[in-house]
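Student: Can you keep this structure in mind? I'll have questions shortly.
What follows is the structure, encoded as structure tokens:
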């Protein structure tokens with residue numbers, strides 16, 4: 051029987067039963083925890099789990115934010131009151147409110163004051179940068195009945211006839227942009243998860259082949275003892291499942307710390323230009339799927355690879 055390349059010099063020449071006992075003593079399974087399939091693989095899986103959790107968490111945050119924004123925009127309209135030489139702003143607002151409140155399906159039409167309008171653009175320009183000398187358009191906030199069906203084109207034409215400078219904004223472009231951004235974020239997250247899964251599978255195939263080759267003598271001795279391929283594959287599968295679960299939990303912990311840190315930094319609005327919601331408890335449960343799925347993928351890949359390699363070896 052050929053000697054294993056990793057066998058210590060003092061074990062050379064010992065009976066195979068004694069060598070098997072020494073090899074098996076410091077470990078629970080067939081493959082040792084150290085070496086090719088040990089800490090290095092745990093770190094790689096931890097990195098994959100971290101990236102997967104970040105991708106999934108970012109997708110959940112964007113979806114939650116887009117859902118809230120879409121809900122806010124679909125039930126409201128905005129009328130912009132542009133300056134006109136023919137009529138004063140107060141007369142423009144009065145004509146617009148009279149027309150809007152007389153339209154079936156419109157619940158409320160309130161003109162925003164100067165301070166309220168300035169507060170809307172402060173997140174974009176910065177707090178305290180909006181001065182009284184900055185010309186701001188007058189806005190009318192319109193609230194719709196949820197079950198109302200209003201012809202927006204006809205309403206826009208009626209507003210234009212009621213007074214010059216009245217422009218109806220249905221937020222349709224914002225909603226379409228939000229839906230497009232949400233779809234792109236989901237697709238990107240799915241693509242990242244697919245790439246991470248494929249990379250993890252490739253790494254596990256390489257690691258299991260390398261680990262099986264490094265412990266070929268142990269495998270041969272187990273076969274001499276009557277062990278079947280299924281037993282050896284189960285032992286190696288258990289070993290890789292443990293590595294995958296530990297690495298997945300490490301990556302999940304790092305991702306959890308990252309999201310909590312981002313939530314703390316974004317509390318004062320200094321981190322993002324647009325405020326984003328934080329992950330909920332249900333979202334963190336979804337993130338827990340990542341380390342569990344990685345552990346299962348690692349274990350299944352290792353078992354399949356080992357069975358194929360053993361089938362060729364024996």
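In our numbering, the protein residues as written are 51 to 364.
Every residue gets a Cβ at the ideal spot worked out from N, C-alpha and C, and that includes glycine.
#1: So, at 8 Å on beta carbons, what are the nonlocal neighbours of residue 125 in its own chain, with the 5 sequence-adjacent residues on each side left out?
#2: Using the C-alpha atoms, what's the distance from residue 163 back to residue 169?
#3: So, residue 103 versus residue 253, is the Cβ gap smaller than 9 Å?
#4: What first and last residue would you give for the alpha helix (DSSP H) that runs through residue 140?
#5: Measure from the alpha carbon of residue 131 to the alpha carbon of each residue in 93, 297, 226, 210, then state which is nearest.
#6: Taking the alpha-carbon positions, what's the residue 108 to residue 275 distance?
#7: Identify, in the order they occur along the chain, each residue of the same chain with its Cβ nearer than 6 Å to the Cβ of residue 83, setting aside the five sequence neighbours on each side.
#8: Cα separation between residue 137 and residue 159?
#9: Hey, how far is the Cα of residue 129 from the Cα of residue 206?
#10: Could you spell out where the beta strand (DSSP E) holding residue 159 opens and where it closes?
#11: Indicate the three-state DSSP secondary structure (helix, strand or coil) for residue 191 in the structure shown.
#12: How about residue 308 and residue 98: are their beta carbons less than 9 Å apart?
#13: How about residue 91 and residue 229: are their beta carbons less than 9 Å apart?
#14: Checking 9 Å against the spacing of the C-beta atoms, do residue 345 and residue 303 come in under that value?
#15: Going by beta carbon distance, what residues of the same chain come within less than 7 Å of residue 232, once the five residues before and after it are set aside?
#16: From 235, 288, 127, 258, pick the residue whose C-alpha is nearest to that of residue 106; which is it?
#17: If you count every other CB in all the chains shown that lies within 10 Å of the CB of residue 154, and 16 or more means buried, which is it?
#18: Relative to the C-alpha of residue 356, which candidate in 258, 143, 89, 189 has its C-alpha closest?
#19: For the stretch 183 to 256, which segments carrying the beta strand (DSSP E) assignment without a break, of at least 3 residues, lie completely within its bounds, in sequence order?
Tutor: Let's see:
#1: 193, 194, 196
#2: 10 Å
#3: no
#4: 139 to 151
#5: 210
#6: 52 Å
#7: Low local confidence applies: a pLDDT of 47 at residue 83 is under 50, so the model's placement there is unreliable, with the coordinate-based value given in what follows. No residues qualify anywhere along the chain.
#8: 20 Å
#9: 9 Å
#10: 156 to 161
#11: strand
#12: no
#13: no
#14: no
#15: 112, 113, 116
#16: 235
#17: exposed
#18: 258
#19: 188 to 194, 216 to 219
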